[in-house]
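Using my numbering, the first residue of the sequence shown is number 16, and each one after it goes up by one.
Where is the CB? At the ideal position from N, CA and C, for every residue including glycine.
Data block below; observations after.
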Amino acid sequence: MAVMAESQLKSGTIFGDTDTQEYVYMPASEIGAADPVFVLETKEGRLDIGLTEALVHIRRLSLKPVRHPRLGHSSC
16 MAVMAESQLK SGTIFGDTDT QEYVYMPASE IGAADPVFVL ETKEGRLDIG
66 LTEALVHIRR LSLKPVRHPR LGHSSC
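Structural data, given as structure tokens:
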């Protein structure tokens, strides 16, 4: 699961839960970066996180590929 989620994150998939409004994604500006930064977005705000932390949040919060309310569809 972690390898698949990592691959999806790096290809632009937005993971989230529309009920709790929690999302994890990689901004377009990070595409091709050697060590990309990911975003954890909640009702309280946005936080830049690393890949390991992004994968932990996806697993812990049971996030799935979703349509973000502002950013639109993920690449999946």
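Practice prompt. Within 10 angstroms of the Cβ of Ala20, are there 16 or more other Cβ atoms? Answer buried if so, exposed if not.
Written response: buried
Fill in: Selection from Gly60, Glu59, Gln23, Met41 that minimises the alpha carbon distance to Phe53
Met41
Worksheet item: Which class does Ile64 belong to by DSSP, given the choice of helix, strand or coil?
Response: strand
Fill in: Beta-carbon gap between Tyr38 and Gly31 smaller than 7 Å
yes
Worksheet item: Considering only residues of the same chain and omitting the five flanking positions on each side of Leu86, which have a CB-CB separation below 8 Å?
Response: Ile29, Tyr40
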